[in-house]
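Let me begin by presenting the structure, written as structure tokens, before commenting on it.
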Amino acid sequence: MAIQKILIVDDSPTERYFLTDILVKAGYSVSTCENGEEAFTKIKADKPQLILMDVVMPGQNGFQVTRSITKDDETKDIPIIICSSKGLETDRIWGLRQGARDYLVKPIDPKELLAKIAALG
């Protein structure tokens, strides 16, 4: 099934706007939230088909939130792409070990992001 509904979890208003703009122009339905706690509420309510997850956020970080989502029976099948400024190979490996399907380093390349979403769909 092709991905239509995407949830962006990022504490930066600039990043949320940037990613939303790319995705809406590509025809996706987008919702956003600022932190992990808010993400759980949105996920249960909106049932997104993909989550774009920041790592560095107040409260739970993106690695912790990703791990929680992938361990929950209700949400474990929702793919997660981590979009982070943390660009070390160890960060990427850790993100994938938490259950993320992919890992992109900011600044996000719009063509690469859309290609990765298409590959998941």
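Mapping of the sequence shown onto the UniProt record's numbering: position 10 corresponds to residue 10, and the numbering continues sequentially without gaps. Using N, Cα and C, we set each Cβ at its ideal position, and we do this for glycine too.
Under the Cβ criterion (8 Å, minimum of three pairs), the segment 67 to 77 does not count as touching the segment 110 to 118. Here the segment 92 to 104 does not lie against the segment 37 to 47, with fewer than 3 beta-carbon pairs under 8 Å apart. The straight-line gap separating the alpha-carbon atoms of Lys44 and Leu88 is approximately 32 Å. Annotated three-state conformation of Lys42 is helix, per DSSP. The residue from Gln98, Cys33 and Gly27 with its alpha-carbon nearest to that of Pro13 is Cys33.
Val56 counts as exposed, since fewer than 16 other C-beta atoms from the protein chains shown sit within 10 angstroms of its C-beta. Using a Cβ distance threshold of 7 Å, Ile51 and Leu120 do not count as a contacting pair. Sixteen is the threshold: when 16 or more other Cβ atoms of the shown chains lie within 10 Å of the Cβ of Gln49, as they do, the residue is buried. In terms of Cβ geometry, Thr20 and Val30 form a close pair [threshold 7 Å]. In this structure, Thr70 and Ile82 do not form a Cβ contact; the two beta carbons are roughly 12 Å apart against a cut-off of 8 Å. According to the DSSP assignment, Asp102 belongs to the beta strand (DSSP E) that extends over Asp102 to Val105.
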